[in-house]
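Residue numbers (my numbering), protein chains in the order written: chain B, 27 to 267; chain G, 98 to 332; chain H, 419 to 478.
Each remark here refers to the structure printed beneath this line.
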């Protein structure tokens, strides 16, 4: 299989269009299953009561917020080193969904924190570094769109994204490095401290968030390709047919 | 003979590029000292506004002093950023630097060093004076100055990278604020944390060593990033 | 796999913490709707821009 075949925007445009619906279908099915487990089947948490059910959104979106930034930074690195057009477009397409996930993680965290910690917000390391992540996404999008020449926006924003990667280990390890209000991870390789239904629900919701993010990115990258390749012959022939 | 004589200059080096760019920017700053003076004046002014707004209760001032001084230093460092590359970009001398035989790493680091000497260093030296106004204890003053000494170069490096990235972009100052201020946040936390730990009788060492780690990481990675960003801008 | 709740009103009440739970799940719903609309709008704009350019060309 020739991977370079799909690295051309014109062929990837078609591929993304064919794949995106399947990812959305997978996301919807997984979300239905995950929400069924999380909202209807899973028992109450003995300490926190029902509010712990926020975990089924909070943890998946928080994971995705970091993972999407990592993937975006990888595409940025590719676009800087190999000067490939499609990877820069993919990075641009990921950023809004990543920002949305970050926002949801912060928002649900606030509504989880209020009944359990007694406050919507604390300036602890985990929360602060996640907020910085949100601003990194905003900065990336603003910088990418701040130039007349989109290729320059690609490259400048890619460099910014790569500098911001430093923030990822800070978010991830903040609960271990600092004594914070935010609880440590309840999922580890040694075993978990959670009820099995809760864990299944959380993992299913995470898979759903992942599929959703891929679907949204593929749909958005099609628009990015159309915007950028507006003057090429293949885009011209697209609507005329 | 002429060939061998010309070669060392044509090859260029990190040290030569560094000292050349730093000397150039320092000379420029010396000829037009208004910007450096404004930075320091801004810092002193911001730090003096807080007691007027919050109230001059000694205990309260000693409590907020380290944080206020750090926020003032951060804002002052930010204000000095647009001048770091923008004028050289506008008059074409930045493009000349990328064409010079010296590696980008050298002159980029040199320019940032000059920026720090003009903005960060005076603030560090001035900080004990401001700290006295806030009634900080002598040992806290020392830790405060030390944290600024380690932290302000990080601000200059991070800010320099953002300023280089934003060259020629629409939305100038606001864009620069959106890029730079979030990146400044960790420096602010550990910098202010060091003096606060000292003031409350805890050890400032963890904060200072994290700041130091940040400084080393920035020194290793950011001059290269700044050089790349300038390349992107003049391409 | 038995349902945890005794009744629908139990479910909606969420043990007295309905506000926090539904603010979170509601935000998820709103976020997805907003993103879907923005994706559709962006595609429409991109296609419009192409159309516009093609019209300009045929006029000339």
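From the three backbone atoms N, C-alpha and C, an ideal C-beta is built for every residue, glycine too.
Every value quoted in this text rests on a predicted model; they were computed, and no experiment measured them.
From residue i to residue j, what does the alpha carbon distance come to, in whole angstroms?
i	j	result
residue 198 (chain G)	residue 40 (chain B)	46 Å
residue 110 (chain G)	residue 203 (chain G)	7 Å
residue 176 (chain B)	residue 37 (chain B)	21 Å
residue 151 (chain G)	residue 100 (chain B)	46 Å
residue 133 (chain B)	residue 148 (chain G)	34 Å
residue 161 (chain B)	residue 108 (chain B)	27 Å
residue 312 (chain G)	residue 42 (chain B)	43 Å
residue 238 (chain G)	residue 224 (chain G)	8 Å
residue 235 (chain G)	residue 154 (chain G)	19 Å
residue 137 (chain B)	residue 72 (chain B)	19 Å
residue 286 (chain G)	residue 112 (chain B)	38 Å
residue 171 (chain G)	residue 229 (chain B)	41 Å
residue 166 (chain G)	residue 91 (chain B)	33 Å
residue 156 (chain G)	residue 296 (chain G)	12 Å
residue 193 (chain G)	residue 468 (chain H)	40 Å
Please list the partners that residue i has in chain H, where partner means a Cβ-to-Cβ separation under 8 Å.
i	result
residue 75 (chain B)	433, 434 and 435
residue 141 (chain B)	435 and 438
Along chain G, which residues have their Cβ under 9 Å away from the Cβ of residue i?
i	result
residue 18 (chain B)	Residue 18 (chain B) is absent from the structure shown; chain B starts at 27 and stops at 267.
Return the first residue and the last residue of the alpha helix (DSSP H) that residue i is part of.
i	result
residue 208 (chain G)	201-212
residue 428 (chain H)	426-431
residue 304 (chain G)	302-331
residue 471 (chain H)	436-477
residue 193 (chain B)	193-203
residue 130 (chain G)	Taken as a continuous stretch (DSSP letters only), residue 130 (chain G) belongs to no alpha helix (DSSP H), as it is neither H nor E.
residue 299 (chain G)	That residue, residue 299 (chain G), is in no alpha helix (DSSP H); it is neither H nor E in DSSP.
Report yes if the CB atom of residue i is closer than 8 Å to the CB atom of residue j, and no otherwise.
i	j	result
residue 127 (chain G)	residue 207 (chain G)	no
residue 248 (chain G)	residue 181 (chain G)	no
residue 435 (chain H)	residue 141 (chain B)	yes
residue 50 (chain B)	residue 241 (chain B)	yes
residue 186 (chain B)	residue 165 (chain B)	yes
residue 304 (chain G)	residue 314 (chain G)	no
residue 152 (chain B)	residue 83 (chain B)	no
residue 207 (chain B)	residue 143 (chain B)	yes
residue 288 (chain G)	residue 253 (chain G)	no
residue 114 (chain G)	residue 250 (chain G)	no
residue 412 (chain H)	residue 256 (chain B)	No answer is possible for residue 412 (chain H): the residues shown for chain H start at 419 and end at 478.
residue 276 (chain G)	residue 262 (chain G)	yes
residue 266 (chain G)	residue 172 (chain B)	yes
residue 249 (chain B)	residue 180 (chain B)	no
residue 167 (chain B)	residue 52 (chain B)	no
residue 33 (chain B)	residue 110 (chain B)	yes
residue 157 (chain B)	residue 102 (chain B)	no
residue 307 (chain G)	residue 280 (chain G)	no
Using the beta-carbon of each residue, which ones in chain B are nearer than 9 Å to residue i?
i	result
residue 477 (chain H)	Simply none; closest approach about 15 Å.
residue 302 (chain G)	Simply none; closest approach about 15 Å.
Applying a beta-carbon distance threshold of less than 8 Å, which residues of chain B neighbour residue i?
i	result
residue 268 (chain G)	168 and 172
residue 326 (chain G)	182 and 185
residue 310 (chain G)	Simply none; closest approach about 11 Å.
In chain B, what lies closer than 7 Å to residue i by C-beta?
i	result
residue 276 (chain G)	165, 169 and 186
residue 262 (chain G)	169, 182, 185 and 186
residue 446 (chain H)	83 and 130
Which residues in chain H have a C-beta closer than 7 Å to the C-beta of residue i? List them in chain order.
i	result
residue 69 (chain B)	422
residue 137 (chain B)	438, 441 and 442
residue 242 (chain B)	453 and 457
If you measure from the beta carbon of residue i to each beta carbon in chain A, is any gap under 8 Å?
i	result
residue 51 (chain B)	Absence of chain A from the displayed structure is noted, the protein chains being B, G and H.
Note down, in chain order, every chain G residue with its Cβ under 8 Å from the Cβ of residue i.
i	result
residue 154 (chain B)	282 and 286
Listing by chain order, which chain G residues have their CB less than 7 Å from the CB of residue i?
i	result
residue 178 (chain B)	329
Three or more C-beta pairs closer than 8 Å, one from the region 221-230 of chain G and one from the region 259-272 of chain G: is that the case here?
no
Decide if the region 222-232 of chain B is in contact with the region 63-76 of chain B; the criterion is three or more beta carbon pairs, one per stretch, under 8 Å apart.
yes
Is it a yes or a no for the region 112-126 of chain B touching the region 428-442 of chain H, going by three-plus beta-carbon pairs under 8 Å?
no
Between the region 250-263 of chain B and the region 163-178 of chain G, do three or more beta carbon pairs fall short of 8 Å?
no
State whether the region 320-330 of chain G contacts the region 212-220 of chain G, with contact taken as three or more CB pairs (one from each stretch) at a distance under 8 Å.
no
Does the contact criterion of 3 or more C-beta pairs under 8 Å hold for the region 51-64 of chain B versus the region 228-236 of chain B?
yes
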